[in-house]
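Chemist: Using the numbering used here, you'd call the opening residue of the sequence shown number -11 and step up by one each time.
To start, I am sharing the structure in question, which I have written as structure tokens.
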Amino acid sequence: MAVENGHTNNGFIGDEIARDADKEKDTCDDQDEDGDDRVNWSKPIEFLMSCISMNVGLGNIWRFPFVAYENGGGAFLVPYILVLIFLGRPMYYLEACLGQFMSRGNVKIFESMALGLKGIGYGQLLATVSVATYYCSLMAITLLYFVNSFTWNLPWASCDPAWYEISWIKESNVTCVPSKLTSENLNFTGNQLSSAELYFRVEILKELQDITDGIGAPEWRLTICLFVSWMITFAICAKGVLSSGKAAYFLALFPYLILISLLIRAVTLDGASTGIYYFIKPKWEMLLNAKVWYAAVTQCFFSLNIGFGSISMYASYNNFKHNVYRDAMVVTTLDTCTSLLAGTIIFGILGNLAVKMQLDVPDVIKSGGTGLAFISYPEAIARFDFVPWLFAILFFLMLFVLGVGSLVSLQSCAFTVIMDAFPKLKMWQVSLGTALGGFIISLVYITPGGQWIFTMIDFFGGTLIYYVLNICEVILIIYWYGLENISLDIAFMTGRKPGIYWRLCWAVVIPIIFSIVFIYFIITFEPLTYESKPYPLNIISWGWILFAAGVIQPIIWLIYEYFKYMRKTKITDSNLKDALFGHSNWVPKRNRIYLKWKEFKSIKLMERSLKSRSKIVDKLCILIGR
């Protein structure tokens, strides 16, 4: 019989009856219940602040505006909001409820729900580590830009003659155009690149045009910035949520002060209205393009951090009765509003850049992501008439703070998994170990060929792995553990029984959307490239190995638990199934709550069993919450 904390789950047909001999002391304080010594947030609002700092990140600033513009402008809001309502918000709420109910990280959550399928959690952990390591490399670049902004003449505003000695610039016959010049001063011909773009590619990245012969050594300035970034994260996580919860106030609120300052500046610039119009102008015909809906799904997941374990991890430090429903609604709404605010700022400033260069807005947008953050935006700032260095400092400081908030959540995922497995370790030791390990791995991204590796890991580790494992997650929770079971758990915990909207989304809409997205991806799959250049076979192979290592985790851990069980117990079909796939460990971790939950669950399931309904009718009633 599977037992954890002396409790077993008797709320399910086929599971063994829970023992009642574990009635230990009964306390009234939800934070200090017997049977669990897990540290909680010092104040409930720290969970909300931490979720805001986690979700409002770089994706809102440099990814959403470009994705929206590229996929129909204002019309993109239609699929995006629909995806948010029927997929993003239900998944966010579900993951938060799982973490709060179990008071454990994602690996322990899946292990408790089905021991043989805890590999889903380890696969998500691999995706989280992949994202965290390349995410910090972006913070290193941001920090270097921030430091270099403390000068009257921004270094990317003018051309450096030494750039013409670079081999690929010579071969391409590139002409550098100073970013600080206005259209009246421009009189260049041939292959033109702005000084902002060359500064990013030559001075910051020292980028290689080909990585057939290797990716080179880490750039020393970025190495220092990378180390500083990881050490800041270590300091914030050194005492777990006791320290990160305090930092969350600053990490969540400070970026909005800068966003408001930049918004005021952006809307007062010449041409701002033109740029904003390009951002919100609806292209309704784009709604018939499947690519737009696919982009809405990927952006929603990327922005809300769904499927990485961060949401359930933060929620696991809540009090059991915390109003997680309210916080989930606040965070998902604020995330979308912030994306729209960032888009208005970015395109307002790009509209000003277009006016000064006498170009159309699309012609000044280099690309989304790093191209928007480190080329287009710095180029626009360089043309500001009033203290451009100040706005550069504010912009890159904002990006760095946003990055810290997101990285803290990613590192905390690994931190929580390790602490759940080895609770006797000291928090600061685990935090330092994960930070140093992350720093060493991240070095690969700040080499001259680092952007090639960044793109590859983002594709395989940050996208493919978690798509596949999200499908596994939904199947396990909704169809194996059961829609009614999880709904009753949430009702007991929050006092709010999930209605037909939540149930239909979890059981029908989300699986259908996941399936369609996965099929669409397979149909439209093309070999990965970087700036239209194919990857060498020996490099891209590592991407597929990473993907395989992530999605095979459930199988690896199932086999491991199978042989582990075989060595200890006499095997029968029934006890093997219960051991590997039973839910007997899925119980609240605090004794007083556990006893009340057991009684609540037994009564509710008995009431349902007494209703004389056919299986089909019963399933339909469960689906609509009757």
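No residue lacks a Cβ here, since even glycine has one placed at the ideal position from N, Cα and C.
If you draw a straight line from the alpha carbon of residue 281 to that of residue 236, how long is it in whole angstroms?
Modeler: When rounded, the distance between both Cα atoms is 33 Å.
Chemist: In whole angstroms, give me the CA-to-CA distance for residue 204 and residue 456.
Modeler: Each residue's alpha carbon lies about 33 Å from the other.
Chemist: So, for residue 386: in the same chain, excluding its five sequence neighbours on each side, which residues have a beta-carbon less than 6 Å away from its beta-carbon?
Modeler: Counting only Cβ-Cβ distances below 6 Å, and skipping sequence neighbours, we find 243 and 246.
Chemist: Could you have a look at residue 485 and say whether DSSP puts it in helix, strand or coil?
Modeler: Residue state, collapsed to three classes: coil.
Chemist: Counting Cβ pairs closer than 8 Å, one from the segment 312 to 319 and one from the segment 105 to 113, do we hit at least three?
Modeler: Touching, no, given that fewer than three Cβ pairs across the two stretches are closer than 8 Å.
Chemist: Looking at C-beta atoms only, is the number of pairs between the segment 261 to 280 and the segment 57 to 73 that lie closer than 8 Å three or more?
Modeler: They touch, by the three-pair rule.
Chemist: Taking the beta strand (DSSP E) that residue 164 falls in, what are its first and last residues?
Modeler: Element bounds for residue 164: 162 to 165.
Chemist: Let me know the alpha helix (DSSP H) ranges lying completely inside the segment 480 to 536, each 4 residues or longer, listed in chain order.
Modeler: For the segment 480 to 536, whole alpha helix (DSSP H) runs of length 4 or above, ordered along the chain, are 488 to 492 and 498 to 512.
Chemist: Is there contact here, the segment 426 to 438 with the segment 189 to 208, by at least three beta-carbon pairs under 8 Å?
Modeler: A contact exists between the segment 426 to 438 and the segment 189 to 208.
Chemist: Considering just the uninterrupted stretch of the beta strand (DSSP E) at residue 180, what are its terminal residues?
Modeler: Its beta strand (DSSP E) spans residues 179 to 182.
Chemist: What are the uninterrupted segments assigned as alpha helix (DSSP H) that are 4 or more residues long and contained completely in the segment 195 to 230, given in chain order?
Modeler: Whole alpha helix (DSSP H) segments, 4+ residues: 208 to 225.
Chemist: Quick one: Cα of residue 80 to Cα of residue 299, how far?
Modeler: So the alpha carbons of these two residues sit roughly 7 Å apart.
Chemist: To which residues of the same chain is residue 75 closer than 6 Å at the C-beta, ignoring the five residues directly before and after it?
Modeler: Around residue 75: 498 and 501.
Chemist: DSSP state of residue 306, grouped into three classes?
Modeler: DSSP places residue 306 in coil when its eight states are reduced to three.
Chemist: Below 8 Å on the Cβ atoms is my guess for residue 35 versus residue 302; work out the distance and round it to an integer in Å.
Modeler: 6 Å between Cβ atoms; contact.
Chemist: Quick one: what does DSSP say residue 151 is sitting in, helix, strand or coil?
Modeler: Three-state DSSP puts residue 151 in a helix.
Chemist: Going straight from the alpha carbon of residue 137 to that of residue 183, what length do you get?
Modeler: Cα to Cα, the separation comes out at about 15 Å.
Chemist: Are the beta-carbon atoms of residue 404 and residue 261 separated by less than 8 Å?
Modeler: For residue 404 and residue 261, no; Cβs fall outside 8 Å.
Chemist: Given a cut-off of 8 Å on the beta-carbon distance, is the pair residue 395 and residue 116 in contact?
Modeler: No, they are not a contact pair.
Chemist: Whole-angstrom Cβ separation of residue 415 and residue 577, contact assumed at under 8 Å?
Modeler: 19 Å between Cβ atoms; not a contact.
Chemist: Apart from the five residues just before and just after residue 176, which ones in its own chain have a Cβ nearer than 6 Å to its Cβ?
Modeler: Because the pLDDT of residue 176 is 49, which lies under 50, any placement of that residue in the model is unreliable, and the question is left without a value.
Chemist: Using DSSP with H/G/I as helix, E/B as strand and the rest coil, what is residue 416?
Modeler: Of the three classes helix, strand and coil, the one that applies to residue 416 here is helix, per DSSP.
Chemist: Tell me whether residue 351 is buried or exposed, calling it buried when 16 or more other Cβ atoms sit within 10 Å of its Cβ.
Modeler: Answer is exposed; the Cβ neighbour count stays below 16.
Chemist: Am I right that residue 112 and residue 312 are in contact with their C-beta atoms under 8 Å? What's the rounded C-beta distance?
Modeler: About 20 Å separates the two Cβ atoms, so there is no contact after all.
Chemist: Using a Cβ-Cβ cut-off of 6 Å (strictly less than) and excluding sequence neighbours within five positions of residue 289, which residues of its own chain qualify?
Modeler: Closer than 6 Å at the Cβ level, and outside the excluded window around residue 289, lies no residue.
Chemist: Enumerated in chain order, which unbroken segments of the alpha helix (DSSP H) with a length of 4 residues or greater are wholly contained in the segment 302 to 386?
Modeler: Listed in chain order, the complete alpha helix (DSSP H) runs (minimum 4 residues) inside the segment 302 to 386 are 312 to 345, 349 to 352 and 365 to 370.
Chemist: In the structure shown, what three-state DSSP assignment does residue 69 receive?
Modeler: In this structure, residue 69 counts as helix in the three-state DSSP scheme.
Chemist: Taking a contact to mean a Cβ-Cβ separation below 8 Å, would you say residue 388 touches residue 130 in this structure?
Modeler: Going by C-beta atoms, residue 388 is nearer than 8 Å to residue 130.
Chemist: Straight-line CA distance for residue 361 to residue 540?
Modeler: Near 35 Å, if we compare the C-alpha coordinates of residue 540 and residue 361.
Chemist: Tell me the rounded alpha-carbon separation between residue 297 and residue 425.
Modeler: Cα-Cα distance, rounded: 19 Å.
Chemist: Quick one: which unbroken alpha helix (DSSP H) runs of 4-plus residues sit fully inside the segment 400 to 470? Chain order, please.
Modeler: As far as the segment 400 to 470 is concerned, its whole alpha helix (DSSP H) runs of at least 4 residues are 415 to 430, 438 to 447 and 453 to 462.
Chemist: In whole angstroms, give me the CA-to-CA distance for residue 604 and residue 277.
Modeler: Taking the straight line from one Cα to the other gives about 37 Å.
Chemist: How would you label residue 141, buried or exposed, when you count the other beta carbons within 10 angstroms and need 16 or more for buried?
Modeler: Residue 141 comes out exposed.
Chemist: Rounded to the nearest angstrom, what separates residue 188 and residue 552 at their Cα positions?
Modeler: About 52 Å.
Chemist: Just curious, the alpha helix (DSSP H) that residue 55 is in, first and last residue?
Modeler: Residue 55 -> alpha helix (DSSP H) spans 52 to 58.
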